[in-house]
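S.K.: Structure in structure tokens, see below.
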Amino acid sequence: MEQLPEFTADMCIKCNICTASCPVAAVTDLFPGPKTVGPQAQRFRKPDSRGKGSPDKSVDYCSGCGVCTMVCPHGVHVMEMNARARAALYDGHIPLRNRILGRSELLGKIGHPVSGLANMAMNFRPMRILAEKIIGIHRDAPFPKWAPETFRSWAKRHISPPGTSGKVVLFHGCAGNYYEPWVIKAAVAVLEHNGYEVVVPQQNCCGLPLISNGEFDAASAYAERNLKSLAPYAEEGIPIIGVGTSCTLTLKSDYREILGLRTPESEALAAATYDISEFLLLAYERGDLKTDFVGFEPEKTALYHAQCQLRAHKMGLPALELLRMIPGLKVFQSDAVCCGIAGTYGYKVEKHEISMAIGEPLFTQAAELQPDVIACGSETCRWHIEANTGIRTVHPVEILAAAYGFMGLGEQLR
Amino acid sequence: MAKKSIGTDVLVIGGGATGSGLALDLALRGLRVILAEAGGVAEGTSGRYHGLLHSGGRYAVRDPESAAECALENRILRKIMPHAIEDTGGLFISLPDDPPEYADEWLAACHKCGIPAEEISTSEALRLSPNLNRAVKRAFWVPDGSCDSFDAINSLFRAAEANGAEVWLYSPVVEILREGDKVVGARVKRLREGEEVEIRARWVVNSAGPWAAKVATMAGCKVGMKLSRGALIAMNVRWTHIVLNRCRMPSDGDILVPVGTVSIIGTTSVTVQDPADTRVERWEIEKLLAEGDAMVPGLAKARALRCWAGVRPLYEPDAGEADGEGREVKRTFTVLDHEERDGIGNFTSILGGKFTTYRLMAEKTADLVCAKLGVNTQASTANYVLPDPHDGIGHHYFLGARLRELERGPDPGELICECEIVTRAGIEHALRNGSKTLNDLRRDLRVGMGPCQGAFCAFRTAAIRQATLGITHSEAIGDLESFLRERWKGFKPLLWGHNLRQALLAESNYRRILGLPMPDGPVADTAQPQHIPQAEIPPAPELPDGKGKKVIVIGMGIAGLTAALTALRAGAQVHLVAGGLGKLHISPGWLEILDAEGDLSDAIGRLTSERPDHPYALAGPEALRDGMAIVLEAAARHGLEWYGGFGQGMALLTLAGLRRRVALAPKALAQSAVASSDTLIVGFKHSGGKEWRDFYPHLIAAGLGARAVEIEMPSPGRFDAWPQELARRMENPAIIGQVAAEVRRHLGGASAVGFPAVLGLYMHRDVLARLQDEVGVPVFEIPTLPPSVPGMRLYEALRKELLQGGAEITIGAKVVRGVTDGDRCVGIAIGTVNRERILRANAVIMATGGLFGGGLESDHKGKVWEPIFGLPVANVMDRDKWFGQFLDSNGQPVHKIGLRVDNSMRPLDESGGVALKGLHLAGRQIAGYDPYTEGCSEGVDIATGFKAAVAALAD
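These protein sequence lines are chains S and A, in that order. The opening position of the first sequence corresponds to residue 1 in the numbering used here, with each subsequent residue numbered one higher. The opening position of the second sequence corresponds to residue 1001 in the numbering used here, with each subsequent residue numbered one higher.
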């Protein structure tokens, strides 16, 4: 049978491997652990027990990092089950704070025209303290800066040359558009260098921040718009390449698994979506990736952090394999399971301390190693890691772009 | 036995739904009533049904009289026992195989019987029950419900007692007293009180269900009955939230009822002679699952939690003449006036019927009795709202209620049975109010009834029972063992797939972490303190040159980790892929090599010559030593100091205060070998509360004859702390200081101090050294139930070693198939979230575990297969023979099932040739040994893991 995540509770044998691996349960007793709020509580939930009827408030302390699903040897979709239970918990009564954090795209849009002012406001301490008091966003949580020009307006000017390797669609995500357009530009440069023509059709936020904040209806509306715009490309066999690993996971899996959108369009989109590193590694394996790296001289070091959302793709660590091909780059692996930010989790005032405790092993490792850069494929993780280590934290594709010689390591591509 | 005599108006024999309903009915009419029930609450047919509150639809076509009765009573019961009923609603569904003309006939019959059946669209049916077969042709809604008979009968007892009736449980009737042709009473044995009572009654009613013919015979009447046994299976989750019925002539396996946290599929119909014949046969299980699968596709592959059978007490006036199957006998009921029928006065039997119509049956019987006794009152039970035995709290039918209480109520105390949400307070309350054994607690609180099958809660409850009742260690552990053995009988017919994994986890917990079964002699004899030397790590082995080779290892258990480390040391490029984590998190964290007297190396030598197919014989004793060299050295680099060796095994202390023989262990665990009656066992408690639920120092101390103390936990948690959470908190020097100070206050003359194994996770060595230093005597740890911190430490050490050595680790990716080139394995395909990814390698090592780990799969038909390469599985016996009794000293035959390998760990086919080149196997999936009774779990994993890697690189 085509199973909703809830029904995978059937396979839980209570071995507690998820509990043992959960980064949240290890640092707080406000969260009774993924097994407890997941498959165990699931036996006591009914489909109509939404909102006030849903008994288990503690599920809100799940960060959604997905380590539980990853380590479960028995196939229980613990995180997905918990995400759905969390949505039932709110059932439309979403706090303003969650509504704001869920709308990264809207925030981007609002802030962009007045980016200078907005950036100043976000860095203005009294303003952040006020925001913490009134809406519960922690004063130290890392907010990015609005970029003066969005990726999309750059892309309007930019003409991608017709490729020798075919056409690809680029899914830039909200962060890539409003805050870090240089990351997406690096992706464009790497793809074009390898002979791909890059198209940037109309697109929305993937909807993940809304999913994490319990707004399934709004997330589904975003999903429907993305499906409408992107599915035709997917059906034509044009790969959809995402730069944010969390965005691509949403396109690949969450629309179907968590939002329950199981249509031919969502199947087509899921099948055509690639994480950029995954796409490049597959090209390498076919012999289609250019390895004309200029590399780094003298040798540089990078600490690679495989974030939770990347692991949830269950595809291994393609970025690591790519980085290891680069001459003059020594790559270390982070042995932390999660940096702690988990999307918007660490932004919330009651969870900030938990988030910092989760990230502590990674910050310690970085402090001991002092690499030239830290590499990580998800934006909020990068902001959180950079804010807490003081070490320049970049997307792996930026390192590839630097290795091809488009800019220096750690620099922003113009 | 003491004898006494008492008088009453009516004696009711049998306290099922009908008997207890009758006792209430008569009491409400002002009669004095004694109800004598031979067993406990709902032990007969009333407690052995599918929990369905019939709408009547099932009987509409063939038995309209029963159908109409059901329709009427359904409405009444909803009114008088709302606390016992969940208004699920029901569907009758026509599937493609069902006769299409039946549906219309059925609908017309329903309307004739007054059943408000209503056709709905199939899409609406799928919305109401999303797992329903999508091929459904037609669907009809009916007012079915589900009803907890245990709660219903309990409330009937309460109500009857509140109205002056006496309810006697465990009180079998041994003789029916007659004077001439009149029944005048009965002699009743009161088992719990140890007395025999003569009851003189003006009237006696036989409502003994399937035992009614026997009771009638005691009174000298012959009653013809057809006993029809029906099997039921409780599926682990609610596959439907609305009752599902097949719209066809009633047959086997065509009802699926959501009851509480489970869904129950039933039934079969087998004619039996003995009312106590409640066997469930293998064909019945397969039949029910196959039929259930037709309604909810996939059900046959889902987890079946427990099975049981009930015996329908059908009345058959001319027994022996008609030989219809049980379902053809009418389901309505009959009140027999034995004076009219047999010339025996003052005696009535009530036969047939069903749970849903119990009240009507009671009313009709009471009408007859009252008429005979000249009592002129009417029945009032249809308007008498029954008391809720739970007083509205913790009720099972409102699924979320227990959970809500736990999370939103005042601090409920420790959660002991996690599956059924039973707290310590609840258990202590029950123990102070009549529950004596673990089995009583199960019946009263549902402890141990959930999916984990008592793998965690039975031990916790046994320890609480020991403390609350103040009983001895051996009495507490003895009751635990007999409880587990008894429960096991109920699971055994259903052990395949995930339920089998669950059973193997229970076995691992009870054998390895707790050290069960109890030794035959006194426990203290096995507790002689022992001096343990620090281990000598064997010299690093010579390895083939792996440079330039890519090796894929599948599996993150200790076998896979050993293989990966070995390949990495040899210079190969290693990619470790695992569908999930391996067994280390649920292991005690020590290394078992062999449970044998004397020198272990000698014992292994004897074993390998006696059993040439044993994995030790195939891998060779050097592989064990060399593999150990790699694992011990790697773990030592991350802070684990090893003790023991290949000489005499160590007898290490377990959570149950027993001993387990272990070859090598990290220092903190190994030091428990010195435990004796001079030892102090230290546990943690909540501030102002009771012991931490995962460690019971008094039980362990009772086993050792030592002292125990509880100190306040370094965690002020809202919820129960997990072991790793305590371990992380213990890494704080201030907390170590506080704990040490408390321990010193209680130290007395103790020569060593034992703690739960939570002395640090990432900084264990420092925590141990500091604590030992501050306490002033040796400190040791006792492993807890999963998650096991010592197991996690070993896992973390080996994982870090691999990452630092440059290995790539992919967890969560299921390997969907092997990639072959001719007769050679050249890689694997993993299932990423949206597509297959091919990983190529020079060699593949498979260490995916056995029936527990998922390296082998099994189904209800007893088929066992290896899912990645489809390798042939050896030693597969008939499924009925997979398990003996729980904790059987001969071990469980199921462990011998596995894959055959040669002495290079290459898989073999049936004829003994190499099944696939380029592939090597390691660990639990290898055939021919029992890790638990042989005590060789880690030894075999490490020996075969090493050998597989060496052979793979040399290949």
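Ideal Cβ positions, reconstructed from N, Cα and C, are used throughout, including at glycine.
Since Ala1665(A) and Leu1726(A) should fall inside the 8 Å C-beta cutoff, what is the C-beta to C-beta distance between them, to a whole number of angstroms?
M.R.: For Ala1665(A) against Leu1726(A), the beta-carbon gap comes to about 20 Å, at or over 8 Å, which does not count as contact.
S.K.: Chain S beta carbons: is any one of them nearer than 8 Å to that of Phe1456(A)?
M.R.: yes
S.K.: Given that a residue counts as buried once 16 or more other Cβ atoms are within 10 Å of its Cβ, and exposed if not, what is Val397(S)?
M.R.: buried
S.K.: Just the C-alpha distance for Gly1555(A) and Phe1646(A), rounded to the nearest angstrom, thanks.
M.R.: 27 Å
S.K.: Given Ala231(S), which residues of its chain have a CB within under 7 Å of its CB, disregarding the five upstream and five downstream residues?
M.R.: Glu265, Ala268 and Leu269
S.K.: Going by the CB atoms, is the gap between Thr1566(A) and Ile1630(A) shorter than 8 Å?
M.R.: yes
S.K.: What residues from chain A crowd round Ile100(S), counting only those whose CB sits closer than 9 Å?
M.R.: Those within 9 Å of Ile100(S) in chain A number zero; the least Cβ separation is about 27 Å.
S.K.: What's the C-alpha gap between Ile1233(A) and Leu1494(A)?
M.R.: 9 Å
S.K.: Just curious, the alpha helix (DSSP H) that Phe279(S) is in, first and last residue?
M.R.: Ile276 to Arg286
S.K.: In chain order, what residues of the same chain lie with their CB nearer than 7 Å to the CB of Ala1524(A), ignoring the 5 residues before and after it?
M.R.: With a pLDDT of only 48 at Ala1524(A), under the threshold of 50, the placement of this residue in the model should not be trusted; the figure read from the coordinates follows. Cβ within range, chain order: Gly1705.
S.K.: Expressed to the nearest angstrom, what Euclidean distance is found between the alpha-carbon atoms of Glu105(S) and Leu227(S)?
M.R.: 17 Å
S.K.: Tell me the residue span of the beta strand (DSSP E) that contains Arg1341(A).
M.R.: Note, Arg1341(A): premise wrong, no beta strand (DSSP E); alpha helix (DSSP H) at His1338 to Asp1342.
S.K.: Out of Gly1749(A), Leu1761(A), Val1743(A) and Asn1376(A), point me to the one whose CA is closest to Arg1728(A)'s CA.
M.R.: Ranking Gly1749(A), Leu1761(A), Val1743(A) and Asn1376(A) by Cα distance to Arg1728(A) puts Leu1761(A) first.
S.K.: Report yes or no: is there a C-beta of chain A within less than 8 Å of the C-beta of Thr19(S)?
M.R.: yes
S.K.: Taking C-alpha atoms, which residue in Ile1416(A), Gly1939(A) and Arg1432(A) lies nearest to Arg1446(A)?
M.R.: Ile1416(A)
S.K.: Helix, strand or coil for Phe151(S)? Go by DSSP, reduced to three states.
M.R.: helix
S.K.: Looking only at its own chain, which residues have a Cβ that is under 8 Å from the Cβ of Asn1133(A), when we skip the five neighbours before and after it?
M.R.: Ile1093, Leu1095, Ala1294, Met1295, Val1296 and Pro1297
S.K.: Among the candidates Val1577(A), Pro1544(A), Glu1073(A) and Cys1110(A), whose CA atom is the shortest distance from the CA of Arg1058(A)?
M.R.: Cys1110(A)
S.K.: By DSSP, does Asp1909(A) sit in helix, in strand, or in coil?
M.R.: coil
S.K.: Is Lys46(S) close to chain A, meaning its C-beta is less than 8 Å from at least one C-beta of that chain?
M.R.: yes
S.K.: When you compare the CB positions of Asp1337(A) and Cys1221(A), do they come within less than 8 Å of one another, or not?
M.R.: no
S.K.: By the DSSP assignment, the beta strand (DSSP E) with Gln1573(A) in it spans what residues?
M.R.: Gln1573 to Ala1578
S.K.: Pull up the distance between the alpha-carbon of Tyr1358(A) and that of Thr1018(A), whole angstroms please.
M.R.: Approximately 5 Å between the Cα atoms of the pair.
S.K.: With 8 Å set as the bound, which would you pick, yes or no: does the beta-carbon of Ser253(S) sit closer than that to a beta-carbon of chain A?
M.R.: yes
S.K.: Would you list the one or two residues that DSSP bridges to Met1846(A)?
M.R.: Ile1554(A) and Leu1921(A)
S.K.: Please tell me whether Asp1009(A) and Arg1202(A) are closer than 8 Å, where the distance is taken between their beta carbons.
M.R.: Yes. Within cutoff.
S.K.: My parser needs the beta strand (DSSP E) runs of 3 or more residues fully inside the region 1221-1286 of chain A; what are they?
M.R.: Those beta strand (DSSP E) runs which fall completely within the region 1221-1286 of chain A and span 3+ residues are 1225-1235, 1243-1246, 1255-1259, 1262-1266 and 1270-1272.
S.K.: Run through DSSP, which three-state label would Tyr1358(A) get?
M.R.: helix
S.K.: Under DSSP, the beta strand (DSSP E) around Pro1313(A) begins and ends at which residues?
M.R.: If you look at Pro1313(A), you'll find it in the beta strand (DSSP E) that goes Ala1304 to Tyr1315.
S.K.: Under three-state DSSP, which class holds Lys1690(A)?
M.R.: Secondary structure at Lys1690(A): coil, using DSSP grouped into helix, strand and coil.
S.K.: Would a C-beta distance cut-off of 8 Å place Met1905(A) and His1920(A) closer than the cut-off?
M.R.: yes
S.K.: Compare the C-alpha of Val1553(A) against each of His1614(A), Ala1829(A) and Arg1485(A) and name the closest.
M.R.: Ala1829(A)
S.K.: Candidates Ile358(S), Thr19(S) and Ile134(S): which alpha carbon is nearest Asn98(S)'s?
M.R.: Check the Cα spacing between Asn98(S) and each of Ile358(S), Thr19(S) and Ile134(S): the tightest is with Ile134(S).
S.K.: Any Cβ of chain S within less than 8 Å of the Cβ of Glu1938(A)?
M.R.: no
S.K.: Using a C-beta cutoff of 8 Å, does Phe1719(A) count as contacting chain S?
M.R.: yes
S.K.: On the DSSP bridge list, what partners appear for Gln1724(A)?
M.R.: Gln1724(A) pairs with nothing; no bridge assigned.
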